[in-house]
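Worksheet for the structure shown next.
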Amino acid sequence: MRLGHISLSHFNSTSFRKIDQIIVLLLLNSRKPSGRYCTSLDTIRAYTILVDMYTRKRAVGHLDADCFYVSAERVRDPFLKGKPVGVLGNQGACVIAKSYEMKAAGVKTGEPIWDAVQKCPDGIYVKRDFRWYETLSRSMLEVMRRLSGHVEYYSIDEFFFVAEPGPGQSFQDLAVAMRQTILEELDLPVTVGIARSRTLAKLISDSAKPFGAKAVLEKEHEEHLLARLPVTEISGVAKRRAKRLLPWGIASCLDLAKADRGLVRKLLTATGEALWWELNGEPTGEIHSARPRHKALSRGGSLGESTADPHRLYAWLVRNLERLIEELRYHRVMPGKLTLWVGYRDGIPGEGQTRLAVPTDRFDLLLEALRPCLRRAWRPKHPANRMHLIAEDLTDRDTAQGGLFSPHDPRAEALADVKQRINERIGRFAVRSGATLPLKSIYDDGANGYDICDVRGKICF
Ligand SMILES: [Mg+2]
Numbered sequence: 520m521r522l523g524h525i526s527l528s529h530f531n532s533t534s535f536r537k538i539d540q541i542i543v544l545l546l547l548n549s550r551k552p553s554g555r556y557c558t559s560l561d562t563i564r565a566y567t568i569l570v571d572m573y574t575r576k577r578a579v580g581h582l583d584a585d586c587f588y589v590s591a592e593r594v595r596d597p598f599l600k601g602k603p604v605g606v607l608g609n610q611g612a613c614v615i616a617k618s619y620e621m622k623a624a625g626v627k628t629g630e631p632i633w634d635a636v637q638k639c640p641d642g643i644y645v646k647r648d649f650r651w652y653e654t655l656s657r658s659m660l661e662v663m664r665r666l667s668g669h670v671e672y673y674s675i676d677e678f679f680f681v682a683e684p685g686p687g688q689s690f691q692d693l694a695v696a697m698r699q700t701i702l703e704e705l706d707l708p709v710t711v712g713i714a715r716s717r718t719l720a721k722l723i724s725d726s727a728k729p730f731g732a733k734a735v736l737e738k739e740h741e742e743h744l745l746a747r748l749p750v751t752e753i754s755g756v757a758k759r760r761a762k763r764l765l766p767w768g769i770a771s772c773l774d775l776a777k778a779d780r781g782l783v784r785k786l787l788t789a790t791g792e793a794l795w796w797e798l799n800g801e802p803t804g805e806i807h808s809a810r811p812r813h814k815a816l817s818r819g820g821s822l823g824e825s826t827a828d829p830h831r832l833y834a835w836l837v838r839n840l841e842r843l844i845e846e847l848r849y850h851r852v853m854p855g856k857l858t859l860w861v862g863y864r865d866g867i868p869g870e871g872q873t874r875l876a877v878p879t880d881r882f883d884l885l886l887e888a889l890r891p892c893l894r895r896a897w898r899p900k901h902p903a904n905r906m907h908l909i910a911e912d913l914t915d916r917d918t919a920q921g922g923l924f925s926p927h928d929p930r931a932e933a934l935a936d937v938k939q940r941i942n943e944r945i946g947r948f949a950v951r952s953g954a955t956l957p958l959k960s961i962y963d964d965g966a967n968g969y970d971i972c973d974v975r976g977k978i979c980f
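Basically my numbering = 1-based index in the sequence shown + 519.
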C-alpha cells in the first residue's frame with residue numbers, strides 16, 4: 520500500500536509489526552524537511568483504516584455481480600429470468616456472457632454463436648448493450664457508497680470496499696445485508712466476500728458464487744478455504760506462473776501462503792511477494808475511492824469481420840482515433856507518444872510507434888503522425904482482426920506550454936471544437952471523418968456505439 524512516499528511492503532520487511540509499525544510510519548511519513556511532523560487528513564484516514572483492519576474493526580470486501588450482463592438484461596426484461604440466456608459481443612459472433620442455465624448446457628464464454636446454438640438450441644441470444652450495463656453499474660456504485668465509506672470501482676460489475684459492520688453487526692451480517700440491499704433496490708444478484716485482504720476477499724467471493732455472502736476472518740477457516748483452491752484461482756497467477764511454482768510443490772493457494780517468502784519473490788518477483796502477503800492476511804493494496812491518474816489511454820478492440828483491405832483498416836484507425844480523442848479531451852490530457860497495434864488472424868501482430876514533436880489532441884495532427892505507424896503495422900494480404908491505439912506520456916492540457924514549433928491553427932482548433940460540441944449534443948459519431956465510410960455497417964448498428972472501455976472510472980484498465 521502506498522501512503523505518501525512509504526509503501527507497506529517496505530514496512531512489512533522491517534522488524535516492527537502491525538500497529539507499532541503503523542504508528543512509527545505515520546510519524547515518519549509526516550516528517551517535513553524542516554524536521555517538524557505534519558500530516559494530511561487523508562494519510563491519517565488511510566492509517567486509521569489499517570489500524571482498524573489489524574484490530575478487526577474493519578476488513579476488505581469484494582462484491583461481484585453474478586453473470587452481470589445477463590442479469591442486467593433480466594432487469595429490463597423479466598421474461599428472461601430462469602431461462603438460458605447468452606449475451607453476444609464481437610458483432611454478434613460469440614457469447615461474451617451466459618446465464619447459469621446456459622452454462623449447464625455446456626456453453627462457454629467466448630464460444631462462437633454457431634457452436635453455442637448447437638449446444639443450447641433453446642437459448643435466448645441477445646446483443647450486448649454496454650450503455651445499459653453502465654447505467655446499472657453506476658447505480659450499484661451509488662448503493663455501495665451508501666453502505667461503505669470507501670468503495671473502489673474496480674470493474675463494471677466488481678467493487679472492493681472497506682467493510683465496517685455497524686453496531687451489533689458481524690462481518691457475516693454485513694455481507695448478507697449488502698447482497699440483500701443490491702437485490703432489493705436494483706434486482707441484481709451479487710456475491711459478497713469479506714476477508715483480511717483484497718486477494719482473500721476476491722478468492723472468497725469467487726468461491727461463494729452465485730448469490731453468496733461469506734465473511735472469513737479466522738486463520739483456520741481461511742486455510743481450509745485456501746487448501747481447496749489451485750493457485751490459478753488468484754487473479755494475477757496465470758498458467759505460466761503456476762508452472763514456475765509447481766516444481767517446488769506449490770499447487771494450492773495454501774501452499775503458496777505457506778511457502779518461503781524469499782522463494783516466492785525469486786519465482787514470481789515483487790508482484791508474487793505482494794500476493795504472498797495478501798494470502799497471509801496482510802493487505803498490500805489500498806482501496807482506491809478515486810481513480811488514480813491515467814498513465815495511458817487506449818481505444819480499440821475487435822474489428823468484427825477480419826479484413827486485409829487497407830482502406831478498411833485505415834477506416835478502423837480513424838474510428839479508434841476519434842474515440843481516443845474523445846477520451847483525451849474528457850480527461851484534458853494530450854499524448855506525447857502513440858502506439859498502434861494490429862492483431863492478425865495468424866497470431867503475428869504488427870506495431871508502429873511514434874513520438875510527437877509537441878503533445879496535441881488535434882485530429883489532423885494525430886492522424887498525420889499515425890499514418891506511418893499504420894504502414895509499419897500493416898502486413899499486406901494478411902487478414903487483421905484486432906486493433907489498439909495507445910496514448911502515453913500524457914501532459915495536462917491546461918498546463919501544456921506550446922513549444923517553439925507548436926502548430927497553433929485556429930481553423931483546425933475551431934473545427935475540432937464544433938465536432939465535439941455537435942457529437943455531445945446530437946449523439947456520438949454524428950459528425951465523423953469521411954475516412955470511416957467503409958465502416959457504414961458498424962456505425963449503423965447501435966450496439967457498436969458504446970463499448971466496455973468507454974465506461975469511465977474503473978481501476979482494472
Ligand atoms: Mg461478475
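We put the beta carbon where it would ideally sit given N, CA and C, even for glycine.
- Leu773 sits away from Ala734, with the two beta carbons spaced by 8 Å or more.
- Annotation for Leu722: Gly712, Ala714, Leu744, Leu745, Leu748, Glu752, Ile753, Cys772 place their beta carbon closer than 8 Å to its own, counting only its chain and skipping 5 residues before and after.
- Put simply, the backbone Cα of Gln637 is about 16 Å away from that of Val606.
- A direct Cα-Cα distance of roughly 30 Å separates Ala682 from Asp779.
- As computed with DSSP, Leu857 is found in a beta bridge with Thr873, Ala910.
- Annotation for Lys646: no alpha helix (DSSP H) segment contains it, though the beta strand (DSSP E) segment containing it runs 643–646.
- In the DSSP assignment, Arg831 falls within the unbroken alpha helix (DSSP H) covering 829–850.
- Closer than 7 Å to some heavy atom of ligand 1: that describes the Cβ of Glu677.
- Ranked by Cα distance from Lys762, the options Val783, Leu702, Thr710 are led by Val783.
- In this structure, DSSP gives Phe680 an extended state, which the three-state scheme calls strand.
- For Tyr969, DSSP assigns no beta-bridge partner whatsoever.
- The DSSP assignment places complete beta strand (DSSP E) segments of no fewer than 3 residues inside the segment 600–632 at 604–608, 613–617, in order along the chain.
- Between ligand 1 and Ala888, a heavy atom-to-CB distance of less than 7 Å is absent.
- For Ala584, the shortest separation between its Cβ and any heavy atom of ligand 1 lies below 7 Å.
- In the structure shown, Ile723 falls within a helical segment according to DSSP collapsed to helix, strand and coil.
- In the three-state scheme derived from DSSP, where H, G and I count as helix and E and B as strand, Glu801 is classed as coil.
- By alpha-carbon distance to Ala809, the top candidate from Arg818, Ser658, Leu786, His669 is His669.
- For Lys758, the enclosing alpha helix (DSSP H) stretches over residues 758–764.
- Note that the C-beta distance between Asp973 and Phe678 is not below 8 Å.
- Looking only at Leu843, His907, Met697, Val837, the smallest Cα-Cα distance to Pro868 is reached by His907.
- Looking at the backbone, the Cα of Ile806 and that of Thr879 are separated by about 33 Å.
- For Val695, the enclosing alpha helix (DSSP H) begins and ends at 690–705.
- Taken atom to atom, the span from the alpha-carbon of Arg947 to that of Met621 is near 34 Å.
- Ranked by Cα distance from Gly781, the first of Lys627, Trp795, Arg664 is Trp795.
- Nearest neighbour of Val861 by Cα position, chosen from Trp835, Thr873, Ser726, turns out to be Trp835.
- When DSSP states are grouped into helix, strand and coil, Leu893 belongs to the helix group.
- Two segments are said to touch when three or more pairs of C-beta atoms, one from each, lie closer than 8 Å; by this definition the segment 961–970 does not touch the segment 843–857.
- At a cut-off of 7 Å, the beta-carbon of Phe587 counts as near ligand 1: some heavy atom of the ligand is closer than that.
- Inclusion of Arg818 and Tyr863 in the CB contact set at 8 Å is not warranted, their separation being larger than that value.
- DSSP places Gly580 within a strand segment (E or B) once states are collapsed to three.
- Rounded to the nearest whole angstrom, the C-alpha separation of Met697 and Leu666 is 7 Å.
- Pairing Lys785 with Thr654, the inter-Cα distance amounts to about 44 Å.
- Here DSSP, grouped into helix, strand and coil, assigns Ser821 to strand.
- In this chain, the beta strand (DSSP E) harbouring Ala714 covers 709–714.
- Taking a 10 Å sphere around the C-beta of Ile769, we find 16 or more other C-beta atoms and assign the residue as buried.
- Here Arg905 carries a strand assignment [DSSP, helix/strand/coil].
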